[in-house]
Amino acid sequence: MKDPYEVLGVGRNATKEEIRDAYRELIKKYHPDKFRDNPDMKALAEEKIKEVNEAYKYLLDHLDNPSYGVSNASNEDQSFFQQARQKIDAGDYYDAEDLLVRVSDKSNPEWYFLSGLIYFRQGWYDKAETYLKYAHEAKPDNKEYDEVYKEFLRASRRNYNPTMNGPAQGGGMNDEAGACLSCCATLACMDICCHCMGGI
């Protein structure tokens with residue numbers, strides 16, 4: 027099932043009245059009778075109506091009974107998390123992001139961790155830090171979260187340029203190499219100055 031909020035085009039804090047209004051508008055928009063002369067469009071409209079009805083029923087049941095579907099939603103989210111991990115491991119970051127968008131509970135530390143991992147793998151260190159840090163602080167006993175966050179901190183010190191708006195570029199110098207280059211530049215400058223001042 028697709029994200030019911032996205033299907034109906036409403037926010038996650040939408041009231042029951044707002045959900046009903048959105049539902050009615052979509053039913054009018056995609057009513058199959060409007061496409062009698064176009065069998066292909068009629069079939070698409072029928073599929074859309076089915077999707078809208080499922081989303082509407084889910085949200086109304088959930089609002090009427092907050093405990094409804096909690097276990098199902100959790101299982102569904104766990105499935106999205108598992109699939110997202112597989113996509114991340116395969117380097118399919120866009121597909122992984124699409125799966126995470128469908129997660130209903132985006133306050134879950136796993137959602138933050140996987141989102142941060144995607145940004146980290148893509149080199150977006152500024153965004154990765156926010157998500158990975160939150161996951162790490164929310165579950166400090168999680169060994170994976172801890173190890174990845176520490177790995178991120180090491181990598182960001184090596185490669186991240188705070189003036190860059192995009193992803194960090196690989197191949198940056200480490201701290202030791204940068205210090206060595208700075209020292210060499212200073213010595214070369216001193217040598218030039220000594221010659222200019224009449225030194226040997």
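Those letters in the sequence shown? Residues 27 to 226, per the working numbering, in order.
The C-beta atom is built at its ideal place from N, Cα and C for all residues, glycine as well.
Rounded straight-line distance, which links the Cα of residue j to that of residue i
{"i": "Ala-3", "j": "Phe-139", "result": "Shown here, the chain extends from 27 to 226; a query on residue 3 therefore has no answer."}
{"i": "Tyr-84", "j": "Asp-63", "result": "32 Å"}
{"i": "Glu-80", "j": "Leu-126", "result": "20 Å"}
{"i": "Ala-116", "j": "Glu-43", "result": "43 Å"}
{"i": "Asp-121", "j": "Lys-132", "result": "17 Å"}
{"i": "Arg-111", "j": "Val-78", "result": "29 Å"}
{"i": "Glu-73", "j": "Asp-87", "result": "21 Å"}
{"i": "Asp-172", "j": "Lys-159", "result": "9 Å"}
{"i": "Tyr-175", "j": "Lys-165", "result": "12 Å"}
{"i": "Glu-136", "j": "Glu-163", "result": "12 Å"}
{"i": "Glu-51", "j": "Asn-168", "result": "45 Å"}
{"i": "Glu-102", "j": "Asn-134", "result": "13 Å"}
{"i": "Val-36", "j": "Tyr-82", "result": "11 Å"}
{"i": "Arg-183", "j": "Asp-152", "result": "12 Å"}
{"i": "Asp-29", "j": "Ser-130", "result": "7 Å"}
{"i": "Thr-41", "j": "Arg-180", "result": "45 Å"}
{"i": "Gln-109", "j": "Glu-170", "result": "17 Å"}
Sequence-distant residues of the same chain with beta carbon closer than 8 Å to residue i, five excluded per side
{"i": "Arg-38", "result": "Tyr-31"}
{"i": "Lys-60", "result": "Ala-71"}
{"i": "Lys-113", "result": "Tyr-119, Asp-121, Ala-122, Leu-125"}
{"i": "Ile-45", "result": "Leu-34, Val-36, Tyr-82, Leu-85, Leu-86, Leu-89"}
{"i": "Asp-47", "result": "none"}
{"i": "Ile-53", "result": "Ile-75, Val-78"}
Residue i, DSSP secondary structure in three states
{"i": "Gly-142", "result": "helix"}
{"i": "Ser-130", "result": "coil"}
{"i": "Asn-168", "result": "coil"}
{"i": "Asn-64", "result": "coil"}
{"i": "Thr-156", "result": "helix"}
{"i": "Asn-98", "result": "The predicted model places Asn-98 with a pLDDT of 40, which falls under 50 and marks its position as unreliable; any figure quoted below should be read in that light. Helix, per DSSP."}
{"i": "Tyr-56", "result": "coil"}
{"i": "Arg-38", "result": "coil"}
{"i": "Lys-3", "result": "In the structure as shown, the chain starts at 27 and stops at 226, and residue 3 therefore has no counterpart that could be examined."}
{"i": "Trp-137", "result": "helix"}
{"i": "Lys-28", "result": "coil"}
{"i": "Ala-71", "result": "helix"}
Selection from the options that minimises the alpha carbon distance to residue i
{"i": "Ile-75", "options": "Gly-35, Phe-178, Tyr-49, Ala-110", "result": "Tyr-49"}
{"i": "Tyr-240", "options": "Asn-185, Thr-41, Val-33", "result": "Nothing can be reported for residue 240, as the shown portion of the chain is limited to 27 through 226."}
Cβ-based neighbour list, residue i, same chain, cut-off 6 Å, excluding 5 preceding and 5 following
{"i": "Phe-12", "result": "Residue 12 is absent from the structure shown; the chain starts at 27 and stops at 226."}
{"i": "Asp-66", "result": "none"}
{"i": "Lys-68", "result": "Pro-58, Phe-61"}
Whole-angstrom C-beta distance between residue j and residue i, which should lie under 8 Å
{"i": "Ser-141", "j": "Tyr-157", "result": "5 Å"}
{"i": "Phe-106", "j": "Arg-128", "result": "6 Å"}
Same chain, Cβ closer than 7 Å to residue i, neighbours up to 5 away in sequence not counted
{"i": "Glu-237", "result": "The question about residue 237 has no answer, for the chain in this structure spans 27 to 226."}
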